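Here is the structure we will look at, set down as structure tokens.
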Amino acid sequence: MANRFCVSLTHSKDNPDKATVGFVVANAAVGSGKETLVFLSVEGVRLAQKGYADDIREEGFAPLRELMDNFAKAGGTIYVCSPCFKKRKLDENNLVAGAAIVGGAKLVEFLSEGSPCVSY
Amino acid sequence: MSASAPAPRAADARWDAGDLGCGDLVLELRWRMDALRPGQLLELTARDPGARADIPAWCRMTGHTLITEQHPVYQIRRKES
């Protein structure tokens, strides 16, 4: 059984349901003892900005900010797609806890060493 | 003299997770198990319907031992290390 798990997340406020469920599943993985990566790309990169997720509250789920805080507290890692981030002119000095801006090679390395990946 | 079943062991900790499910349930469960000493027993009450499948799967992945499961009540023994 692989000891790693990746959640690829491409949405933020354009689909708050998917953004929320992505972090719920990521928390299930990190809570199950997996080395867990959330890869934010396309619109998902906006979640890496402090404060952006504060008003995303999907009915039936914990607030996204709380889910993301718990993910970081549990040791989860967030990779942020560099070209997606730059395209949207976001602030690299205002990242949420656990987030790092990376190029594709870091994602490829993580997955190539053996990791399932689920996409939202 | 007849053999008898071991007496049920009292839980060292109890947690009523209410309706928490999926990632919210198992992440909090991880933290609560981490807080126990090896061999100690947690009695979990988890009413989410997904818990029936998730709690045994979580125990298999993490190495903790599922002692009893009578949904919504689960007894889990913390692993040794």
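Going line by line, the protein sequences match chains A and B.
Residue numbering for the first sequence follows our numbering, starting at 3 and increasing by one per position.
Residue numbering for the second sequence follows our numbering, starting at 6 and increasing by one per position.
For each residue, glycine too, the CB sits at the ideal point set by N, CA and C.
Source: prediction; values computed, not measured.
What separation, rounded to the nearest whole angstrom, lies between the Cα atoms of residue i and residue j?
i                      : j                      : result
residue 34 of chain A  : residue 86 of chain B  : 15 Å
residue 32 of chain A  : residue 85 of chain A  : 27 Å
residue 14 of chain B  : residue 84 of chain B  : 16 Å
residue 74 of chain A  : residue 49 of chain A  : 13 Å
residue 45 of chain A  : residue 73 of chain B  : 44 Å
residue 15 of chain A  : residue 21 of chain A  : 8 Å
residue 108 of chain A : residue 83 of chain A  : 10 Å
residue 22 of chain B  : residue 96 of chain A  : 34 Å
residue 76 of chain A  : residue 89 of chain A  : 30 Å
residue 67 of chain B  : residue 103 of chain A : 30 Å
residue 19 of chain B  : residue 40 of chain B  : 12 Å
residue 94 of chain A  : residue 119 of chain A : 26 Å
residue 81 of chain B  : residue 46 of chain B  : 6 Å
residue 17 of chain B  : residue 54 of chain B  : 25 Å
Starting from residue i, trace the beta strand (DSSP E) in both directions and tell me its first and last residue.
i                      : result
residue 120 of chain A : 119-121
residue 31 of chain B  : No beta strand (DSSP E) holds residue 31 of chain B; the alpha helix (DSSP H) holding it covers 27-39.
residue 73 of chain B  : 70-75
residue 48 of chain B  : 46-51
residue 82 of chain A  : 79-83
Please name the residue, chosen from the options, that lies closest to residue i on a Cα-to-Cα basis.
i                     : options                   : result
residue 25 of chain B : A:32, A:57, A:4 and A:63  : A:63
residue 28 of chain B : A:9, A:16 and A:15        : A:9
residue 78 of chain B : B:58, B:36, B:40 and B:39 : B:58
residue 91 of chain A : A:25, A:19, A:51 and A:40 : A:51
residue 19 of chain A : A:105, A:53 and A:58      : A:58
Hey, could you find the ends of the alpha helix (DSSP H) residue i is sitting in?
i                      : result
residue 114 of chain A : 106-114
residue 44 of chain A  : Note, residue 44 of chain A: premise wrong, no alpha helix (DSSP H); not H, not E.
residue 67 of chain B  : 56-67
residue 72 of chain A  : 66-75
Secondary structure at residue i, three-state DSSP: helix, strand or coil?
i                      : result
residue 15 of chain B  : coil
residue 7 of chain A   : strand
residue 58 of chain A  : coil
residue 82 of chain B  : strand
residue 26 of chain A  : helix
residue 23 of chain B  : strand
residue 13 of chain A  : coil
residue 101 of chain A : strand
Keeping to the same chain, check which residues put their C-beta closer than 7 Å to that of residue i; ignore five residues upstream and five downstream.
i                      : result
residue 105 of chain B : The structure shown does not extend to residue 105 of chain B, since chain B spans only 6 to 86, so no value can be given for it.
residue 55 of chain A  : 49, 66, 67 and 70
residue 36 of chain A  : 5, 6 and 7
Among the residues of its own chain, which have a CB less than 6 Å from the CB of residue i, if the five just before and after it don't count?
i                     : result
residue 31 of chain B : 63
residue 43 of chain A : 12, 83 and 86
residue 38 of chain A : 7, 28, 31, 32 and 78
residue 6 of chain B  : For residue 6 of chain B, the predicted structure reports a pLDDT of 41, less than 50, and the residue's modelled location is therefore unreliable. A value from the coordinates is still provided. Closer than 6 Å at Cβ, skipping near neighbours: no residue.
How would you list, in chain order, the residues of chain D whose beta-carbon sits under 9 Å from the beta-carbon of residue i?
i                     : result
residue 47 of chain B : Looking at the structure shown, chain D is missing, and the protein chains on hand are A and B.
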